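A.B. asks: Residue numbers for the sequence shown follow our numbering, so the first one is 1301 and each next one is one higher. Where is the CB? At the ideal position from N, CA and C, for every residue including glycine. These numbers were taken from a predicted model, which means no experiment stands behind them. This is the structure, below, for whatever I ask next.
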Amino acid sequence: MTKNSPFKLDTKRSLAEQVADRITELVVGGDLVAGDRLPPEVDLAIEMGVSRTALREGMRTLEAQGLLKILPGVGTVVREVGSDQLVQPLSLYVEVSDSEISFEEFHAVRVILETEVAALAAGAAVDSDVLILKGFMADMEMNVADADAFAASDASFHESLAKMASNPLFGLLIGALRVLLEDHIREVVGQIDPVTDVIPYHAAILEAVEDHDADSARRAMENHLAKVKKNYYSTVARGQRKAHR
1301 MTKNSPFKLD TKRSLAEQVA DRITELVVGG DLVAGDRLPP EVDLAIEMGV
1351 SRTALREGMR TLEAQGLLKI LPGVGTVVRE VGSDQLVQPL SLYVEVSDSE
1401 ISFEEFHAVR VILETEVAAL AAGAAVDSDV LILKGFMADM EMNVADADAF
1451 AASDASFHES LAKMASNPLF GLLIGALRVL LEDHIREVVG QIDPVTDVIP
1501 YHAAILEAVE DHDADSARRA MENHLAKVKK NYYSTVARGQ RKAHR
């Protein structure tokens, strides 16, 4: 695994930190890719010249960061790099921050990102992209009675738009925000009528993308997210009224 770049110990950093750094370097350099299984613990510890304790600690650090995944009966594998790697540190920040980050603040960032993504997607879309979006629209229409399946198709629609924008950072950031807003989204989806509150707005976005109309796509996304915000506060208000009965 490391024959092209020998592992050199640095006395200024802990062995566990060096293990984590070295494995990260191998992933960044392409020597390890998503799905690759690391060598057995004993072999890897010998190869790196560290104890199994230091090796385990370093790998636990990378597991917490979302770079590695320990699979029972399989071993330790490299995870695909995606939004998960952003979600964990962001979630920690949200939990320990002195100032609570509100739905309003999360939503404001989402509006900035997703309206621009919609415009970029409209400018870059090809026929196959439009077909993918239509497929997710069909899934949403088919799953209006299944909140979880509907939410999954909704998420896939937005993720596909982000991919069409030809900037991987959009997809990472939007995916991370969506995970952080997951509880809010689940709460709202269970209380709204998808046929009137969601599907028409996605249809407008799809139409603008298919027409390659960036301005209309941006406005359609703005309208959709404004409705999302309204639905959220309506759901919160209903919950508060029930709590005071």
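Return the chain-ordered list of same chain residues with a C-beta closer than 6 Å to the C-beta of A1316, the five sequence neighbours on each side being excluded.
C.D. replies: Answer for A1316: A1354, E1357 and G1358, listed in chain order.
A.B. asks: By the DSSP assignment, the alpha helix (DSSP H) with I1323 in it spans what residues?
C.D. replies: Start and end: L1315 to V1328.
A.B. asks: Between which two residues does the alpha helix (DSSP H) containing G1471 stretch?
C.D. replies: P1468 to L1480
A.B. asks: For G1375, name the three-state secondary structure that DSSP assigns.
C.D. replies: Taken through DSSP and simplified to helix, strand or coil, G1375 comes out as strand.
A.B. asks: Can you check whether the CB of T1376 is closer than 8 Å to the CB of L1332?
C.D. replies: Cβ distance not < 8 Å, so L1332 and T1376 don't count as in contact.
A.B. asks: Taking H1458 and I1432 to be in contact with their CB atoms under 8 Å, please state how far apart those CB atoms are, rounded to whole angstroms.
C.D. replies: The pair is not a contact, with the Cβ atoms about 12 Å apart (cut-off 8 Å).
A.B. asks: Does the distance from the C-beta atom of I1505 to that of A1520 stay below 8 Å?
C.D. replies: Yes, they are a contact pair.
A.B. asks: Count the other C-beta atoms from every protein chain shown that fall within 10 angstroms of the C-beta of M1464, then say buried if there are 16 or more, exposed otherwise.
C.D. replies: buried
A.B. asks: What three-state label does DSSP hand L1278 in the structure shown?
C.D. replies: Absent from the model: residue 1278. The displayed extent of the chain is 1301 to 1545, so no value can be given.
A.B. asks: In the DSSP output, which residue or residues are listed as bridge partners for I1505?
C.D. replies: In the DSSP output, where bridge partners are listed per residue, I1505 has none listed.
A.B. asks: Where does L1461 fall in DSSP's three states?
C.D. replies: Note: L1461 maps to helix in three-state DSSP.
A.B. asks: My guess is that F1406 and L1525 are in contact by the Cβ rule of under 8 Å, so how many angstroms apart are they, rounded?
C.D. replies: Not confirmed; about 11 Å, so no contact.
A.B. asks: Can you give me the C-alpha to C-alpha distance between K1434 and L1344, rounded to a whole angstrom?
C.D. replies: 47 Å
A.B. asks: Comparing C-alpha positions only, which one of L1477, F1436, M1348 and A1445 sits nearest to S1402?
C.D. replies: L1477
A.B. asks: Can you check DSSP and say which residues form a bridge with I1346?
C.D. replies: Beta-bridge pairing links I1346 to no other residue.
A.B. asks: Taking only three categories from DSSP, how would you classify L1367?
C.D. replies: coil
A.B. asks: Which two residues bound the contiguous alpha helix (DSSP H) that contains A1445?
C.D. replies: Here A1445 belongs to no alpha helix (DSSP H), and DSSP marks it neither H nor E.
A.B. asks: Alpha helix (DSSP H) containing I1412: first to last residue?
C.D. replies: F1403 to A1424
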